[in-house]
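J.:
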Amino acid sequence: MYHHVKKLMYTVRVDEPDPKFGNMLLEQFGGANGELAAAMQYSIQGLNCEDPSRKDLLMDIGTEELSHLEIVGTLARMHLKPLKSVREEAEADPLIAIAGGGGVNLFNSMGNPWTADYLKITGELDVDLRSNIAAEARAKIVYERLIDFCRDPGTKDALQFLMTREITHMRAFALALESMGKPPLSVGRIAPTAGLVDQFFNDSTGRGDLGEVDARGPWNEGEPWEFVEAPAFQDLPGAENGGTAIRAESASPEGAEAIQEVLVDELRDLLHAEKQLLKALPKMQKAARTQQLQTLLRNHLAETEGQVERLNECLRILGTSARAKPCKGMAGLIEEGEEVMAEGKKKEDAPADLALIGAALRVEHYEIAAYTTARNMALQLAQPAVAQLLTLSLGEEQNAGQLLDQVAQPLMSAARMPRSVLLTV
1 MYHHVKKLMY TVRVDEPDPK FGNMLLEQFG GANGELAAAM QYSIQGLNCE DPSRKDLLMD
61 IGTEELSHLE IVGTLARMHL KPLKSVREEA EADPLIAIAG GGGVNLFNSM GNPWTADYLK
121 ITGELDVDLR SNIAAEARAK IVYERLIDFC RDPGTKDALQ FLMTREITHM RAFALALESM
181 GKPPLSVGRI APTAGLVDQF FNDSTGRGDL GEVDARGPWN EGEPWEFVEA PAFQDLPGAE
241 NGGTAIRAES ASPEGAEAIQ EVLVDELRDL LHAEKQLLKA LPKMQKAART QQLQTLLRNH
301 LAETEGQVER LNECLRILGT SARAKPCKGM AGLIEEGEEV MAEGKKKEDA PADLALIGAA
361 LRVEHYEIAA YTTARNMALQ LAQPAVAQLL TLSLGEEQNA GQLLDQVAQP LMSAARMPRS
421 VLLTV
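In terms of UniProt numbering, the sequence shown opens at residue 1 and continues consecutively.
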């Protein structure tokens, strides 16, 4: 709940209005580093924050920034007041004088409108706090420059107040970040690639016209840095060999061995599932009434034989035996399909085939889920050959599902037609 009190946080006094300086002040009113941007950034971060304590911090400072916005707006309005009545002053900024009536608006000093693009909001609390520290630092510098260009003592006092509060906020954000106990370079959840993260690329080389040379310091030498000299030149003809190579290999996922065990289990489960289908598909083909559905099931039987071969090859690539693991899920789906076929004997063609397609689609979606899971694990384990084989099978399963949907459409229309019409067709 917001409540406006008719009293500024800092009492503003302007002895000598300066319209041109009033225009400069608009940078802190509607500019990228201004008070409105800060108020919106911190408040929205606060709305998103799950941490009650730091949410309170963000809402406290976000609300204070709205107070600062009122101070800056009042200062700017008082400096811009001559634009309301003095032609020569109005000529200094027609946008403010004519379009804005000599008052403030959400523009920066160049007349560009305020935009939400100024806000830095990621939803990661530590990352947002770092953005806030940087925002306060930028605002502090802007206030310094405004003070340097200011000639009015009362305005300088107000700007000094505002500048000081930027340091207060910066300190509060820094301590809130520190209290989270996260290492300074720990961002997000995924670890960087080992080795690569400690390499410094010397990508700006040579001697400049003014004697500039490659600089060394704690940012690129000592532990744990590994200095990589001119990496862009390493593979060029005539380049000196022996330089440190870029460690561009992807990081091995944490627990890679355990993930591979899960992948092998998935593949063995799929292998048993596909072998069960090799026995079930001929029965389904025989039960189908329409020629189109019979053809589709016959073609998918041939695809399933290829999928079994691919699964055997995947297990071979992973260095394990092509031993099937009992797949109870597929066994249940096939049992359900057999019930559908038995019940279909008592139904007319269209309803019987629609029920059969429903059973077949459940099988396809089960396989699509299994192949997607296995393919994604193979990609994470940097097993491109396995991933490619699984992608081929996944594509066939997805295509089979789409074809079943297509076959079902005319059957649904036929099932809705009166029996007398069906007999005359």
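Positions of the beta carbon are idealized from the N, C-alpha and C atoms, including for glycine.
Does the Cβ of histidine 300 have 16 or more other Cβ atoms within 10 Å, making it buried, or fewer, making it exposed?
T.: Within the sequence shown, the letter at position 300 stands for residue 300. By the neighbour-count criterion, in which 16 or more other beta carbons inside 10 Å mark a residue as buried, histidine 300 falls on the buried side.
J.: Return yes when the Cβ of leucine 267 is within less than 8 Å of the Cβ of cysteine 327, no when it is not.
T.: One-based indexing of the sequence shown puts residue 327 at position 327. One-based indexing of the sequence shown puts residue 267 at position 267. For cysteine 327 and leucine 267, no; Cβs fall outside 8 Å.
J.: Considering only residues of the stretch 307-380, which uninterrupted alpha helix (DSSP H) runs meet the minimum length of 4 residues and lie entirely inside it, listed in chain order?
T.: 328-344, 349-380
J.: If I measure Cβ to Cβ from alanine 385 and keep anything under 6 Å in the same chain, skipping five residues before and after, which residues do I get?
T.: In the sequence shown, counting from the first residue as 1, residue 385 sits at position 385. Hits under 6 Å: Ile317.
J.: Classify glutamate 16 as helix, strand or coil using the three-state DSSP reduction.
T.: The residue labelled residue 16 in the question sits at position 16 within the sequence shown. Three-state result, glutamate 16: coil.
J.: Specify, as a first and last residue, the run of the alpha helix (DSSP H) that glutamate 144 falls within.
T.: Position 144 of the sequence shown, counted from the start, is the residue given in the question as residue 144. It spans 125-149 - the alpha helix (DSSP H) in which glutamate 144 sits, taken as one unbroken run.
J.: I'd like to know whether the C-beta atoms of aspartate 198 and tryptophan 225 end up nearer to each other than 8 Å.
T.: Taking the first residue of the sequence shown as 1, we reach residue 198 at position 198. Taking the first residue of the sequence shown as 1, we reach residue 225 at position 225. Yes, they are a contact pair.
J.: Short of 6 Å in beta carbon distance, which residues of its chain neighbour leucine 66, apart from the five on each side in sequence? Order them along the chain.
T.: If you number the sequence shown from 1, residue 66 lands on position 66. The residues are Ala39.
J.: Compute the Euclidean distance between the alpha carbons of valine 425 and arginine 323, then round it to the nearest angstrom.
T.: Residue numbering aside, residue 425 sits at position 425 when the sequence shown is read from its first letter. Residue numbering aside, residue 323 sits at position 323 when the sequence shown is read from its first letter. In this prediction, valine 425 has a pLDDT of 42, which is less than 50 and means its spatial position is unreliable; what the coordinates show is noted afterwards. Rounded to the nearest angstrom, the two C-alpha atoms are 52 Å apart.
J.: Is it the case that the Cβ atoms of leucine 333 and arginine 289 are separated by a distance below 8 Å?
T.: In the sequence shown, the residue the question calls residue 333 occupies position 333. In the sequence shown, the residue the question calls residue 289 occupies position 289. No, the Cβ-Cβ distance between leucine 333 and arginine 289 is not below 8 Å.
J.: Would valine 86 and valine 127 qualify as a contact pair, given that the criterion is a beta-carbon distance under 8 Å?
T.: On the sequence shown, residue 86 is found 86 positions in, with the first residue counted as 1. On the sequence shown, residue 127 is found 127 positions in, with the first residue counted as 1. The Cβ atoms of valine 86 and valine 127 lie no closer than 8 Å to each other.
J.: Taking the alpha helix (DSSP H) that glutamine 160 falls in, what are its first and last residues?
T.: On the sequence shown, residue 160 is found 160 positions in, with the first residue counted as 1. Residues 153-179.
J.: Check each candidate in Glu70, Ile357, Leu177, Trp219 and name the one with the smallest Cα separation from lysine 6.
T.: Translated into positions along the sequence shown, residue 6 becomes position 6. It is Glu70.
J.: Considering only DSSP beta bridges, list what proline 113 is partnered with.
T.: The residue labelled residue 113 in the question sits at position 113 within the sequence shown. DSSP lists Phe107 as partners of proline 113.
J.: Just grab the DSSP bridge partners of glutamate 229 for me.
T.: Locating residue 229 in the sequence shown gives position 229, counting from the first residue. Asn202, per the DSSP bridge assignment.
J.: Assuming alanine 374 and leucine 270 are in contact, meaning their beta carbons sit under 8 Å apart, how far apart are those beta carbons, in whole angstroms?
T.: Along the sequence shown, read from residue 1 onward, the residue named residue 374 stands at position 374. Along the sequence shown, read from residue 1 onward, the residue named residue 270 stands at position 270. Indeed they touch by this definition, with Cβ atoms about 7 Å apart.
J.: Quick one: is arginine 77 buried, meaning 16 or more other Cβ sit within 10 Å of its Cβ, or exposed?
T.: Counting from 1 along the sequence shown, the entry for residue 77 is found at position 77. Answer is buried; the Cβ neighbour count reaches 16.
J.: Which same chain residues end up closer than 6 Å to leucine 277 when comparing Cβ atoms and leaving out the 5 residues on each side of it in sequence?
T.: Taking the sequence shown and counting its residues from 1, the one referred to as residue 277 is at position 277. Counting only Cβ-Cβ distances below 6 Å, and skipping sequence neighbours, we find Thr304.
J.: If leucine 394 and isoleucine 368 are in contact, beta carbons under 8 Å, what's the gap, nearest whole angstrom?
T.: Counting from 1 along the sequence shown, the entry for residue 394 is found at position 394. Counting from 1 along the sequence shown, the entry for residue 368 is found at position 368. So it is a contact: roughly 7 Å between Cβ atoms.
J.: Please classify isoleucine 96: does DSSP put it in a helix, a strand, or coil?
T.: Within the sequence shown, numbered from 1, the residue matching residue 96 stands at position 96. Three-state DSSP puts isoleucine 96 in a helix.
J.: For the stretch 244-286, which segments carrying the beta strand (DSSP E) assignment without a break, of at least 3 residues, lie completely within its bounds, in sequence order?
T.: For the stretch 244-286, not a single whole beta strand (DSSP E) run of length 3 or above is found.
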